[in-house]
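Reading the sequence shown from the start, the letters are residues 153 to 268 in the working numbering.
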Amino acid sequence: MALLATSTVCGIALGTESIPSCKAPPVAEKLPQPTYPSDVESRGLPNPVTVLVEFTLGQDGSVSDAKAIETDAGGYAAAFEAEALRAVMATRFKASSLRCRGRMRLAFKLVAPPHA
């Protein structure tokens, strides 16, 4: 049985006319663990599979308007994107002085279980 190790990297997105990009990468205070889609665990995908999500960061640290903008999951992109979006939408960041656009890259990596 494989275990899942996930990692995230936050960054700055390109701003729009109405919402500027974050001046610094957002800092997550609460980051839910995303789940590797079980129906695709052994399908020959890259390890790790990555999904880049762009989102709006509210002044209170909440996330809105999240969308997956890049993945290397091939034909299984929808399953990984859905899980990445679920995790990002449940993430809470440190409060910010302004509303801004940020990015988070989630890496879904299968690792061998420790030997008993």
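Just so it is clear, CB atoms sit at the ideal spot from N, CA and C, and this is done for glycine as well.
Residue i versus residue j: straight-line alpha-carbon distance, rounded
i: residue 181; j: residue 196; result: 33 Å
i: residue 211; j: residue 192; result: 37 Å
i: residue 262; j: residue 251; result: 35 Å
i: residue 155; j: residue 184; result: Bear in mind that the predicted position of residue 155 carries a pLDDT of just 42, short of 50, making it too unreliable to give a figure here.
i: residue 216; j: residue 242; result: 10 Å
i: residue 244; j: residue 259; result: 18 Å
Within 8 Å, strictly: CB atoms of residue i and residue j
i: residue 233; j: residue 187; result: no
Limits of the unbroken alpha helix (DSSP H) element including residue i
i: residue 255; result: From DSSP, residue 255 is part of no alpha helix (DSSP H) but of the beta strand (DSSP E) over 252-263.
i: residue 234; result: 229-242
Boundaries (first-last residue) of the beta strand (DSSP E) holding residue i
i: residue 221; result: 215-223
i: residue 182; result: 180-182
Expected contact under 8 Å - CB spacing of residue i and residue j to nearest Å
i: residue 198; j: residue 224; result: 5 Å
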